[in-house]
Each structure stands twice: as C-alpha cells, then as structure tokens.
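So the sequence lines, in the order shown, correspond to chains A and B. Quick note: the first sequence uses the numbering used here, first residue 42, plus one each step. Quick note: the second sequence uses the numbering used here, first residue 42, plus one each step.
Number of protein chains: 2
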Amino acid sequence: MPNRARLARERAHAEVSAEIRRVARDQLAEVGAPALSLRAVAREMGMAPSALFRYLPNKDALLTALIIESYDELGEAAEQAEAAVHTEPVTARWSAICHAVRRWALDHPHEYALVYGSPVPGYVAPQDTVGPATRVARLLSALLGDALREGLEPPTGPPTEETAARLHATIAPVRADLPDEVPDELVVRGLMAWTYLFGAVSFEVFGHRTFGVLDDPAAFFDYEAGLVARLLGIMPT
Amino acid sequence: MPNRARLARERAHAEVSAEIRRVARDQLAEVGAPALSLRAVAREMGMAPSALFRYLPNKDALLTALIIESYDELGEAAEQAEAAVHTEPVTARWSAICHAVRRWALDHPHEYALVYGSPVPGYVAPQDTVGPATRVARLLSALLGDALREGLEPPTGPPTEETAARLHATIAPVRADLPDEVPDELVVRGLMAWTYLFGAVSFEVFGHRTFGVLDDPAAFFDYEAGLVARLLGIMPT
DNA sequence: CGCATCCGTGAACGGTGTTCACTCTGGCTG
DNA sequence: CAGCCAGAGTGAACACCGTTCACGGATGCG
C-alpha cells in the first residue's frame, strides 16, 4: 500500500470532484436543475464530457450531491439566523428561522426547487440526504423543547382516546429523536408549523402568491409567521 | 368563406389536437413532466414528430394545456367532493375539500407536481391558467362566506392599527372578488388555510413525510385538516 | 382547370447523457 | 533500471431529444 502517493492521488481526485460540484452549482443557480447539462459543466472545465464519468457514475449522482449541499446551505442559514437571536424569547427565534428560510429560498430559487419542489420521477433519494434534509426540522424540535422550558403549557390533545392512540402511533418515527417529556400534541403542532413554513415559502417561491393574490408577500409572510406560531400554541403567551 | 368545409376542417383539427393532449396526458401520468417527449407522443399516434408542429407552436404550449387540464381536474374533484356534502355544516365541507385535494394529488402525482411543484425555469404561465388555477381557492372563499352566515364570529385582527392597514393593502388583490362583508382577518385566515392545505399535500406527495417522519400520513392528514380549520378560526365552534 | 391552404413526411441541425476503445503518464514492483 | 498497471483524459459513436424546412399530396375554391 503506497500510502503517500495514494493519498495525493485521492486528494487530487477529490479536488476535481469538488470543482465539478462547484461549477455545477453555478449552473444550477443560473439555469435551474432541468437545464443543468453535464456537457456544459465539462465545457466550462475545459474537459471532454466523457471525462466527467471518471468522477460521477451518472447525472443523478451529481444531482444528489447538489441536493445535499442545498439542504446543508439552507440548514446552515437557518441555524445561523437562530444562533444570532438564541438568547431571545422563543417567539423571536421562531420568527428568525422562518425569515431565514424564506430569505434563502427567494435568494436561491433553483436550489430550493431542487429540494422542496417536484421530485425527479425516477429518482429515489439516497440515505445520505436524510441527515441534511432534517436540519431545519431539528432546529424547530429544539425550539419546542425550549418553549416548554420557558413555560409553554402544552396544548390539549384530541378529545377521544382512540384518535390520541392513533396519533401517537403515527408520529412514532419523529418521536424517536425527541425528548420524552414533549407531549404528543406538541409534536403534532411542531409538525404543523414545519408544514406551514415550507408551504408558505413554496407557494411564494413557486409563484402561487403573485397572480392577483397578494400585493406584498413579505408583509404577509411576516404576519402569518407570527400568527401561525401563536395559533398553533407552540409559543408561550 | 366556405362555411361548411371550413367547419369540418376545423373540427378535424380540434379533434387531432385533443388526441395529442390525450396521449400526452397518458405519458405525463406515466413518466412525469420532465420525461414527456413530443417524439414519443408522435410515435404513439403513428405520425412523424414534425407533424405535431401543425398543432402546437412548441412543447411549452402542450405543457400549458396539460397544466390547465390538471388544474381543472383537481378543481373538479374538489368541487364534486364539496357538492356531495354541500348541505352539511361547513366543517364537513372543509374536510371534504381537503381530502379530495389530497386524494387527487396522490392519485395523480405527476399532474400535481406539474401545477404545484417546481415551475419550469424559463416558463411563464399564460393568463389562461389563472382561472382554472383558482378553482380550489374560490371554493374555499365560498366556504368562508357560508361560515359567516352559519354564525362564525370572525377572528380578531392584528393588535396595532398600522399592521392592520398594511395587511389590508397586501390582500387587496384577493379581496377584489370577495364580498365586502368578509373582514380582513378572515381573508387572512382563509389564505392561511389554503396555504396549509397545499403545503401538507405537497409535503406528502413530494416525499417529505415518508423518511422516518410519519407512519400513517393519511391519519395525520385527517387530524391536521380538522385541527387547522379550528385553530385558524374559520369554522363555527 | 389553376390555385391556395392545410396536412403529413423525411431529412437535417444542434443539443443531450452515456459508452467504449484508446492513449498518456506517474509511481509502484520485480 | 525495466516493466507494468491504475487512473485520467480523449474523441468518436449511439440513441435520444425539440425544432426547422423543403417537399408531396390532398382538398375545396374561384
């Protein structure tokens, strides 16, 4: 095992791989995922198109890498925005997260579309994507725990015992990495907040709030973000 | 103007156009929008690919037609579901609409992705699409009016006069085709219900509720649909 | 009849992802 | 040192795509 040279080779390989992803990201941001072309990437790098296949099994693999990077960048943006107000009350932190997600999505519409838009029909997300994909969700989970600690009285659950049991079973997967003291109903409300946040952002990024619907989407978002947290009962009053 | 033959010609033309859309819809349902191929459509119809251009200016036009048809089919499904329970209380009608939208979306994932997924980067939706696009929203608007008539006391608006004014300005477009007696805050809640409905459905159809998030998305949807209407205060208690 | 209008064809162009046989080259092994 | 071999890069090729264009038949009009 020629360790020295082996590592050098591997590092060179990784460097070219990174360069490919960098160029591809630029193209993605410019023309969007459907128009992303391996040949164009190769052209920009001054290589033959076939050379790319020394670094990628196929185009899907490149897409997967870009998906992971996009998830990570969005997660990073949300985490940084939250960290900046981490000592403030949870309502402020919730608002910061919402606005960070919206800001990043509007600034990177093609990357956002790649991860939260229509999935590519044949494509199945590899396991590597689930970690980065849940960064924002984990941020919200942490927020719920802190809200409890800040005196939030958890909302009351479903009226009947039966639906409560069914609900409990349904949210079992997401409960798995959540502290036990968070009651079921609060988990549900958290999932709903998560759903609403990305529903609202997707609507705006994908153009469903433009055609004679809203005049000032930013103002509306600001209002709805505050309101939804209060109505869902996930913030101390 | 040779009326007789003229009309026959036009009818034949319209018939072939319809056949093209039919075949294209089948392909869309099978392989999804990105993989939809004009050549494949032509093959299935036994025509040369170039012949299609007698009926379409380009592929985008075909996509537009499919978008309109999809909007219309979804709107139709929602309207029929609502009509079936139209005499029941508004909560039942809201629930029927939610489930109809979800059902249709899960049954027609590619069509749903076409209209509520990532927009095609270069593509701009023609004016013809806005009518069909708002069918579900109009259904919800009508529901809000009926809820008021059924004794719903509208939720209280924002605390400060200033945000109330800004909100009023923002929702001006959607107010345009809404009766005046619907208060601003109820309009906002309606928009939020609309946002949540499609946010939840998109999350499920696009696979964000599968990977270790929920065990039984149907049960969760049923619960959240009822809860969101109650929390938003758009249904009489 | 001549003529115009529409329909359909087949070839072509430039684009795509991907494969494959080939060459080159740096560093390890005998 | 000679030999070799894994990896990088090439260019041609294949099959597909959307779109254009010149052409050949119909068909119905004057």
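Virtual Cβ for every residue (Gly too), placed ideally from N, Cα, C. In this text the structure is predicted, and so the values were computed from the model without any measurement.
Less than 7 Å between C-beta atoms, sequence neighbours within five positions excluded: which residues of the same chain meet that for residue i?
| i | result |
| --- | --- |
| B/M42 | Residue placement at B/M42 is flagged as unreliable, the pLDDT there being 42, under the threshold of 50; a coordinate-derived value is accordingly withheld. |
| A/G274 | P196 and R230 |
| B/V64 | V82, E85 and M86 |
| B/H151 | L69, A70, G73 and A74 |
| B/V228 | I212, V215, R216 and L219 |
| B/A146 | Y153, V242 and V246 |
| B/S182 | L219 and G231 |
| A/L184 | V131, R134 and W135 |
| A/A270 | T132, W135, A234 and M276 |
In or out: residue i buried (at least 16 other Cβ within 10 Å) or exposed?
| i | result |
| --- | --- |
| B/E123 | buried |
| B/V171 | exposed |
| A/V165 | exposed |
| A/A154 | buried |
| B/E226 | buried |
| B/F262 | buried |
| A/L48 | exposed |
| A/R80 | exposed |
| A/H127 | exposed |
| B/A102 | exposed |
| B/F94 | exposed |
| B/A125 | exposed |
| A/S91 | exposed |
| A/R62 | buried |
| A/R250 | buried |
What does a CB cutoff of less than 6 Å around residue i pick up in its chain, not counting 5 residues either side in sequence?
| i | result |
| --- | --- |
| A/E202 | none |
| A/T132 | M276 |
| B/G192 | P277 |
Would you grab the beta carbon distance between residue i and residue j for me? Rounded to a whole angstrom, and I think it's under 8 Å.
| i | j | result |
| --- | --- | --- |
| B/R207 | A/A260 | 5 Å |
How far does the alpha helix (DSSP H) with residue i in it reach, from first residue to last?
| i | result |
| --- | --- |
| A/D148 | V131 to D148 |
| B/E194 | From DSSP, B/E194 is part of no alpha helix (DSSP H); its letter is neither H nor E. |
| A/H209 | E202 to T211 |
| B/D221 | From DSSP, B/D221 is part of no alpha helix (DSSP H); its letter is neither H nor E. |
| A/L79 | L79 to M86 |
| A/T105 | K100 to A125 |
| A/A241 | D225 to V246 |
| A/A260 | P258 to L273 |
| A/G73 | A/G73 -> no alpha helix (DSSP H), and no H or E assigned at all. |
| B/V171 | V171 to A174 |
Take residue i and list the residues in its own chain whose beta-carbon comes closer than 8 Å to its own, dropping the five residues that flank it on each side.
| i | result |
| --- | --- |
| B/A266 | W135, S136, C139, H140, L238 and A241 |
| A/D169 | T105 and I109 |
| A/A205 | G198, P199 and D225 |
| A/V142 | L115, A118, A119, V177, L238, F239 and V242 |
| B/Y96 | H54, V57, S58 and I61 |
### Query
Is the region 169–182 of chain B close to the region 116–123 of chain B, with three or more CB pairs under 8 Å?
yes
### the region 142–161 of chain B / the region 240–254 of chain B touching (three or more Cβ pairs under 8 Å)
yes
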